[in-house]
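A short write-up of the structure that comes next.
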Amino acid sequence: MSTDTRTGAFTTLTVEERDDRVVVTLDRPEARNAISARMIRELHTVCEALEDEPRFLLLTGAGRVFAGGADIAELRERGRDQALQGVNSRLFERVRRLPLPTVAAVDGWALGGGAELAYACDLRIAGPDAVFGNPEPGLGILAAAGACWRLPELVGESVAKQVLLAGRRLDAQAALACGLVADVVPAGELTAAAHRMLDRMARQSATALRLTKLVVDAPGAHPVADDLAQAVLFEGADKRERMTAFLERGSARSATSAPSEAPS
97 MSTDTRTGAF TTLTVEERDD RVVVTLDRPE ARNAISARMI RELHTVCEAL
147 EDEPRFLLLT GAGRVFAGGA DIAELRERGR DQALQGVNSR LFERVRRLPL
197 PTVAAVDGWA LGGGAELAYA CDLRIAGPDA VFGNPEPGLG ILAAAGACWR
247 LPELVGESVA KQVLLAGRRL DAQAALACGL VADVVPAGEL TAAAHRMLDR
297 MARQSATALR LTKLVVDAPG AHPVADDLAQ AVLFEGADKR ERMTAFLERG
347 SARSATSAPS EAPS
């Protein structure tokens, strides 16, 4: 990802590139990593690069905070036209639609737009001090960047209404209990745990992951999408190589151990 040939150096993000993933740290510690217009533009640049060259995305925040929300000073000045442009919601939907899986590693505050950015990721893992919340009605607005429809899909309507209407904040254990996060780990192990999650996915077929994500995200029951995606995978060399390796490992094990049932 060459920032020199795009929009210049990042000023609100720290970006680390690896062969199979990009690690993006929201980096406005003086503002609790509040999501500003500049950060939105820089995240669009990241998305463009990941659409051109699909890799995993790991999102985290600097200074033991994920993101304290949108930049309120900027938000106060936005009017109807900016709302209709969907400044934040268009970005978060773009994150959601990235080709390969995305992981948010959340410790500290993930409020308002920060929570909605985390909700847009495929998976979330939390540190012990993580707190998710959507206090937008207290500012005279609603959580309009995906929380009103995405959060009920993630945690169910009842918990979502507790967060969106009653102002409930989900700490790390509550987020784990309702399935919003996959795990809670010590703060010092959060980034390493997120990378281990990505490592597990990186051992899978990238094409299978891409098509699985497309099918899971397809609206409503859609068996035709399943069939079409599976048809593409069935014709790929990756499927034959992986299944051949699996069968060969099974043959090697059966030659040295008692018979056992095949995995379902």
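Following the working numbering, the numbering of the sequence shown begins with 97 at its first residue and continues without gaps.
Glycine included, each C-beta is placed from N, C-alpha and C at the ideal position.
Buried or exposed for residue i, please, with buried defined as at least 16 other CB atoms from any protein chain shown within 10 angstroms of its CB.
i, result
"lysine 257", "exposed"
"serine 347", "exposed"
"proline 197", "buried"
"threonine 101", "Note that threonine 101 scores 34 on pLDDT, short of 50, meaning its location in the model is unreliable; the coordinates nonetheless yield the value given after this. Threonine 101 should be labelled exposed."
"valine 191", "buried"
"glycine 212", "Reading the sequence as shown, one finds glutamate at residue 212 and not glycine. So glutamate 212 ends up on the buried side."
"isoleucine 136", "buried"
"glutamate 138", "buried"
"phenylalanine 342", "exposed"
"glycine 261", "With the sequence shown as reference, residue 261 is identified as leucine, and glycine is not the correct amino acid for it. The residue in question, leucine 261, is exposed, as its Cβ has fewer than 16 Cβ neighbours within 10 Å."
"aspartate 218", "buried"
"tyrosine 245", "For the record, residue 245 in the displayed sequence is tryptophan; it is not tyrosine. Tryptophan 245 should be labelled exposed."
"proline 319", "exposed"
"leucine 247", "buried"
"alanine 376", "The requested residue 376 is not part of the displayed model; the chain covers only 97 to 360."
"proline 359", "Unreliable positioning characterises proline 359 in this predicted model, as indicated by a pLDDT of 42, which lies under 50. A coordinate reading is not provided."
"glycine 208", "buried"
"aspartate 123", "buried"
"isoleucine 316", "The residue you asked about is not isoleucine; residue 316 is glycine in the sequence shown. Exposed, since its Cβ has fewer than 16 Cβ neighbours within 10 Å."
"alanine 289", "buried"
"isoleucine 263", "Correcting the residue type first, residue 263 is glycine in the shown sequence and not isoleucine. That one is exposed."
"leucine 58", "Here the chain covers residues 97 to 360 and nothing more, so residue 58 does not appear."
"glycine 236", "exposed"
"glycine 175", "exposed"
"glutamine 181", "exposed"
"glycine 252", "exposed"
"aspartate 203", "buried"
"threonine 121", "buried"
Can residue i and residue j be called in contact, C-beta distance under 8 Å?
i, j, result
"tyrosine 215", "alanine 240", "no"
"arginine 163", "threonine 110", "The question names arginine, yet the displayed sequence has alanine at residue 163. Taking 8 Å as the Cβ cut-off, alanine 163 and threonine 110 do not qualify as a contacting pair."
"leucine 310", "alanine 298", "no"
"leucine 154", "valine 227", "no"
"serine 132", "glutamate 170", "yes"
"aspartate 116", "arginine 151", "yes"
"threonine 308", "threonine 156", "no"
"leucine 250", "leucine 276", "yes"
"alanine 268", "alanine 222", "yes"
"alanine 283", "proline 224", "yes"
"leucine 194", "glutamate 147", "yes"
"arginine 134", "threonine 108", "yes"
"alanine 304", "leucine 329", "yes"
The beta strand (DSSP E) spanning residue i covers which residue range?
i, result
"glycine 157", "152-157"
"arginine 306", "Per DSSP, arginine 306 belongs to no beta strand (DSSP E); it is in the alpha helix (DSSP H), 302-313."
"threonine 107", "Taken as a continuous stretch (DSSP letters only), threonine 107 belongs to no beta strand (DSSP E), as it is neither H nor E."
"leucine 324", "Premise fails: leucine 324 lies in the alpha helix (DSSP H), 319-330, not in any beta strand (DSSP E)."
"leucine 207", "205-207"
"valine 202", "198-202"
Going by DSSP, what residue range makes up the alpha helix (DSSP H) through residue i?
i, result
"isoleucine 168", "168-173"
"alanine 341", "333-352"
"alanine 290", "286-298"
"leucine 187", "183-192"
Taking 7 Å as the cut-off, is the C-beta of residue i nearer than that to any heavy atom in the ligand ADP?
i, result
"arginine 345", "As for the ligand ADP, it is missing from this structure, which has no ligand bound."
Q.
For the pair the stretch 331-349 and the stretch 229-247, tell me if three or more CB-CB distances fall below 8 Å.
A. no
Q | Contained alpha helix (DSSP H) runs [length at least 4] in the stretch 110-150, N- to C-terminal order | A | 133-148
Q. What beta strand (DSSP E) runs, 3 residues minimum, are completely inside the stretch 211-275?
A. 219-222 and 227-229
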